[in-house]
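Numbering (the working numbering), first residue to last: 549 to 728.
A virtual CB, placed ideally from N, CA and C, is assigned to each residue, including glycine.
Only a predicted model underlies this, so the values are computations on that prediction, with no experimental measurement involved.
Here is the structure we will look at.
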Amino acid sequence: MKRNVTLEKLFIHPIVQKYVGRSGMAHAISVAEMAYDIALKTNVNPDLAAKAGFLHDIGHYEWYSKDGEWNYEMYKENDIHAIKGAARAHKLLVRCGENLHDAKEIALAVLLHTDSYLPEGKLHLNSLQTVVAEADEKDEEPGGGHHYREIDYFSALERIQVLDERIQQTLQSNSLEQTS
Ligand SMILES: [Fe+2]
Numbered sequence: 549m550k551r552n553v554t555l556e557k558l559f560i561h562p563i564v565q566k567y568v569g570r571s572g573m574a575h576a577i578s579v580a581e582m583a584y585d586i587a588l589k590t591n592v593n594p595d596l597a598a599k600a601g602f603l604h605d606i607g608h609y610e611w612y613s614k615d616g617e618w619n620y621e622m623y624k625e626n627d628i629h630a631i632k633g634a635a636r637a638h639k640l641l642v643r644c645g646e647n648l649h650d651a652k653e654i655a656l657a658v659l660l661h662t663d664s665y666l667p668e669g670k671l672h673l674n675s676l677q678t679v680v681a682e683a684d685e686k687d688e689e690p691g692g693g694h695h696y697r698e699i700d701y702f703s704a705l706e707r708i709q710v711l712d713e714r715i716q717q718t719l720q721s722n723s724l725e726q727t728s
């Protein structure tokens, strides 16, 4: 089974370098890796989980920063990064050639990876959305430290390529299982 869009294709895209880079490339890659691992255990599509994990914070923006650090008061009160991120991820995926169904699934998982911007109340997440929210939570550090963790371009690319390879192998063995 061939994927229309690999993580590497997303990673090298200037929009991803700009916006995912801004909210923390190291965090995005860790969440993608963890989302993949959890997806395998929970019978969720690992390709969609890794992509949604990788793109989940693509909607962050800078207006709440103060002296290069985030202003959490302002952030909590005004943030809509998941809404912005869902739209941005969707546009990017469609432009990169993702099929519309998968682009929508990934965008919804980005939209619902946090409920911090929503009025009180419980969300009913589907399994893909749960995987991404869980992976994000696992990688969070106190005080938003996960957004500041650094990684150089080539180490990041290498981890992305390794994850692409693992996803490809999983999808291949899944389709073999289905046909045998
Ligand atoms: Fe995050």
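{"query": "Boundaries (first-last residue) of the alpha helix (DSSP H) holding Glu-653", "result": "648-659"}
{"query": "contact_flag[the segment 646-655, the segment 592-601] where n(CB pairs < 8 Å) is 3 or more", "result": "yes"}
{"query": "Separation of Ile-654 from Val-710, as counted between CA atoms", "result": "21 Å"}
{"query": "Where Gly-601 falls, given that 16 or more other Cβ within 10 Å makes a residue buried", "result": "buried"}
{"query": "Beta carbon shell of ligand 1 at less than 5 Å from a heavy atom", "result": "Asp-605 and Asp-684"}
{"query": "The segment 573-581 / the segment 693-701 touching (three or more Cβ pairs under 8 Å)", "result": "yes"}
{"query": "Inter-residue spacing [alpha-carbon to alpha-carbon] between Gly-607 and Arg-636", "result": "7 Å"}
{"query": "Beta-carbon spacing of Val-568, Glu-646 below 8 Å", "result": "no"}
{"query": "Those runs of the alpha helix (DSSP H) which lie wholly inside the segment 572-634 and span at least 4 residues", "result": "573-590, 594-603 and 620-626"}
{"query": "Where the alpha helix (DSSP H) through Ser-664 begins and ends", "result": "Note, Ser-664: premise wrong, no alpha helix (DSSP H); not H, not E."}
{"query": "Span of the alpha helix (DSSP H) around Asp-712", "result": "701-727"}
{"query": "His-638 and Asp-605 closer than 8 Å at C-beta", "result": "no"}
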